[in-house]
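Chains D and E are the protein sequences, given in the same order. For what it's worth, the numbering used here labels the leading residue of the first sequence as 256, then goes sequentially. For what it's worth, the numbering used here labels the leading residue of the second sequence as 13, then goes sequentially. Just so you know, even glycine gets a beta-carbon here, dropped at the ideal spot from N, CA and C. Worksheet: the structure to be examined is printed underneath.
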Amino acid sequence: MTDAIGKIELAKMFAHAAEEIRREHSYLSELDSVAGDGDHGTTMLRVAERLEAAAGANTPEDLGHLLRDAGWSVMGVDGGASSALLGTFFAGMADAAIGDASMDCAQVARAFEAGLAAVSKQTKAQPGDKTMMDALVPAVGAISAAAASGKTVAEAFETAASAARAGADSTKDMVARYGRAKFLGEKTRGSPDAGAASVALLFQGFYAGLAFERKG
Amino acid sequence: MRMKKFINDPKHLVPELLEGLALAFPNKIRLLGSNIVARAVPKAAGKVRLVTLGGSGHEPGLSGFVGEGMLDMSVVGEIFAAPGAPRCMEAIRTAAKGDEGVLLVVLNHSGDVLSGNIAMEAAKREGINIQRVLTQDGMSGDPAVKDRRGLVGFLPVYKIAGAAAEQGASLDECCQIAERMEQNTRTLAVAVRTATHPSTGQAIFELGEDEMEIGMGQHGEAGTGRMKLKTADETAEIMLNMLLADLGVTAGEELLVLVNGAGATTLMELLILFRSAARILEAKKIKLVRSAVGEFITTQEQAGFQMMIARMDPESIRLWDAPADSPYFVVR
């Protein structure tokens with residue numbers, strides 16, 4: 256067994272991520288109505304559809320092209336900051352030196368680190384600001400750590416999914432310091448950030464896609 | 013929840029409203045490919061292009077100001093959502109087709125800023141001469157808040173930079189004129205009743221029947237000043253005093269004052285509020301040199317208004333008075 260993922264695995268990861276979002280989109284909109292205009296679930300549904308389509312049948316085999324196309328397609332969703340940043344994340348992954356047809360765990364880590372670097376160029380938000388970064392930064396960190404200690408890609412996404420979940424949960428007690436929600440200050444305490452919750456669902460889906468692949 | 017709105021399939025709100033705009037003003041605007049509003053007749057070759065972007069549901073903002081002497085193009089997002097960077101890129105490319113410079117006017121809302129920045133970086137990589145002005149006129153009620161939202165203060169920026177571009181100013185000059193106007197503009201919003209999101213039917217925010225909130229955002233993002241409903245005179249006085257203090261206006265200075273209805277507040281109320289503002293300025297010996305009262309950016313049937321002041325000088329007055337022919341702002 257070579258431990259690497261290619262277009263087929265990416266397609267499964269994106270499909271499962273979309274499934275997670277479809278199941279929870281009403282909850283995501285509800286979270287967003289605490290601090291925003293309550294449309295985050297709708298935005299994430301569109302993001303998920305684009306991700307799914309980007310890894311579908313008639314898309315490039317070359318992973319760099321596939322991820323760049325997926326990213327620009329997600330950026331094309333009119334969804335405010337979340338779709339712009341998530342699109343930037345996937346497009347940014349293509350900046351890393353990754354294999355044409357498949358990525359091993361170290362390449363996956365490099366790709367996710369490059370994605371995070373691209374996002375960090377567009378937003379000053381840091382973990383602790385009650386944004387998607389609270390889930391994204393630990394998730395990418397978990398993948399890097401897993402790659403460094405020789406774990407498999409599936410193991411890396413297992414730890415990334417829990418890290419993203421823990422990060423999203425931790426936003427519940429935070430006060431928004433970034434984006435539209437910061438104008439609400441203390442009123443944002445008590446419910447998790449919608450963007451962070453979405454990132455946790457995406458990583459949960461990525462892991463499920465790989466776990467499903469192993470069983471199947 | 014059932015909405016009382018004259019709409020069809022909520023999925024088609026944006027294309028249908030744009031189609032209506034184009035059918036109503038065929039001599040002024042036309043639609044391009046993917047929800048981009050452009051002038052019916054492009055301005056002369058070589059002149060700087062003004063491009064803006066923003067979500068829908070705020071009509072006539074922003075596309076209602078595409079036309080001679082104002083915007084060249086507006087990239088239209090979904091309801092209350094920024095358009096994505098790829099479409100902004102498409103508009104910028106089209107606008108700069110003849111190698112003209114592009115001034116991108118972005119209202120300070122996180123999604124708009126992101127899409128604008130991503131598109132601007134991509135445009136620069138393609139060799140397009142582009143600069144950006146960020147409008148951030150909106151006080152949130154707490155003057156200490158530095159990162160301010162873009163409210164109706166986009167209007168004088170469109171008008172004045174648009175007039176300068178029409179008269180042949182360079183991209184650097186247009187950008188400087190726009191920046192100066194922006195820095196001299198302040199807006200405060202107040203809401204008394206929420207709107208419903210036209211796609212979801214959900215209320216955007218909750219506000220007690222006898223309450224109002226000063227410092228609210230375009231989409232009902234909460235401000236800091238919730239209080240019992242006051243009279244027009246009292247409300248105007250509180251807001252105008254905050255605006256004047258923040259902009260540091262002193263006696264003898266010249267102001268443009270604009271009162272913008274949020275959607276459900278009547279013109280009667282807006283005029284009564286404007287009267288209050290004018291009387292207060294008179295008492296403070298501040299000169300009211302230009303004015304505008306009406307709906308320039310709305311949020312569905314939200315009740316409330318925005319009060320905007322802008323410090324004017326002879327040049328900005330001259331550009332404000334220059335001809336404009338957009339669907340919802342005309343100067344002859």
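Which whole-angstrom value describes the C-beta separation of residue i and residue j, a residue pair presumed to lie in contact below a C-beta threshold of 8 Å?
| i | j | result |
| --- | --- | --- |
| E185/E | A176/E | 6 Å |
| A419/D | A394/D | 4 Å |
| E316/D | A270/D | That belief does not hold up - the Cβ atoms of E316/D and A270/D are roughly 18 Å apart, past 8 Å. |
| A94/E | G335/D | 5 Å |
| A107/E | D84/E | 6 Å |
| F317/E | F77/E | In fact, because the Cβ distance is near 19 Å, the residues do not count as touching under 8 Å. |
| A309/D | A325/D | 3 Å |
| S223/D | R305/D | A query on residue 223/D cannot be resolved here, the shown segment of chain D reaching from 256 to 471 and no further. |
| N141/E | L183/E | 6 Å |
| G220/E | G273/E | So it is not a contact: roughly 21 Å between Cβ atoms. |
| K40/E | G79/E | 5 Å |
| V408/D | L321/D | So it is not a contact: roughly 16 Å between Cβ atoms. |
| I91/E | L25/E | 6 Å |
| L265/D | V302/D | Actually they do not touch by this definition, with Cβ atoms about 15 Å apart. |
| S446/D | V289/D | 5 Å |
| V271/E | L285/E | 5 Å |
| T243/E | M320/E | Contact flag wrong, Cβ pair sits at about 21 Å. |
In the DSSP output, which residue or residues are listed as bridge partners for residue i?
| i | result |
| --- | --- |
| N141/E | Beta-bridge pairing links N141/E to no other residue. |
| G66/E | V88/E |
| F393/E | Within the shown structure, residues of chain E are numbered from 13 to 344, placing residue 393/E beyond reach of any answer. |
| I226/E | V202/E and G237/E |
| K299/E | E266/E |
| R61/E | V114/E |
| A97/E | A97/E pairs with nothing; no bridge assigned. |
| T212/E | Beta-bridge pairing links T212/E to no other residue. |
| T426/D | Bridge partners of T426/D: none, in fact. |
| M319/E | L200/E and V271/E |
| G306/E | N272/E |
| L44/E | I48/E |
| R161/E | G150/E |
| L29/E | Note: L29/E sits in no beta bridge, so no partner. |
| A493/D | Lying outside 256 to 471, the shown extent of chain D, residue 493/D is not represented and no answer is given. |
| L366/E | The structure shown does not extend to residue 366/E, since chain E is modelled only from 13 to 344, so the question has no answer here. |
| L83/E | V78/E |
Going along chain E, which residues have a C-beta under 8 Å from residue i?
| i | result |
| --- | --- |
| M330/D | G96, A97, P98, S127 and I130 |
| Q459/D | Per Cβ cutoff of 8 Å: no residues; Q459/D is ~25 Å from chain E at best. |
| T298/D | A93 |
| A339/D | A94, G96, A97, G123, L126, S127 and I130 |
| Q381/D | Within 8 Å Cβ-Cβ: nothing; Q381/D doesn't reach chain E, min ~15 Å. |
| T314/D | Under the 8 Å cutoff, chain E gives no residues; its nearest Cβ is about 17 Å from T314/D. |
| Q377/D | L126, N129 and I130 |
What residues from chain D crowd round residue i, counting only those whose CB sits closer than 7 Å?
| i | result |
| --- | --- |
| Q214/E | S288 and G293 |
| E90/E | D333 |
So residue i contacts chain E; which residues on that side make the cut at Cβ distance below 9 Å?
| i | result |
| --- | --- |
| A369/D | Within 9 Å Cβ-Cβ: nothing; A369/D doesn't reach chain E, min ~16 Å. |
| T343/D | A97, L126 and I130 |
Listing by chain order, which chain E residues have their CB less than 7 Å from the CB of residue i?
| i | result |
| --- | --- |
| A336/D | S122, G123 and L126 |
Does the segment 128-144 of chain E touch the segment 94-111 of chain E, meaning 3 or more C-beta pairs lie closer than 8 Å? yes
Spell out a yes or no on whether the segment 200-208 of chain E and the segment 307-318 of chain E are touching, meaning 3 or more CB-CB pairs, one atom from each, closer than 8 Å. yes
Any chance you could list the beta strand (DSSP E) runs of at least 3 consecutive residues sitting entirely within the segment 346-424 of chain D, in chain order? 357-359
Does the segment 22-31 of chain E touch the segment 55-66 of chain E, meaning 3 or more C-beta pairs lie closer than 8 Å? no
Below 8 Å, can you find three or more Cβ-Cβ pairs linking the segment 279-287 of chain D to the segment 295-303 of chain D? yes
Between the segment 179-198 of chain E and the segment 236-250 of chain E, are three or more C-beta pairs nearer than 8 Å? no
The segment 14-21 of chain E touching the segment 447-467 of chain D, judged by at least three CB pairs closer than 8 Å: no
Is the segment 162-169 of chain E close to the segment 210-219 of chain E, with three or more CB pairs under 8 Å? no
Between the segment 144-153 of chain E and the segment 109-122 of chain E, are three or more C-beta pairs nearer than 8 Å? yes
Cβ pair count under 8 Å reaching 3, the segment 378-393 of chain D against the segment 351-363 of chain D: no
Hey, is the segment 258-268 of chain E in contact with the segment 235-246 of chain E, meaning 3+ C-beta pairs nearer than 8 Å? no
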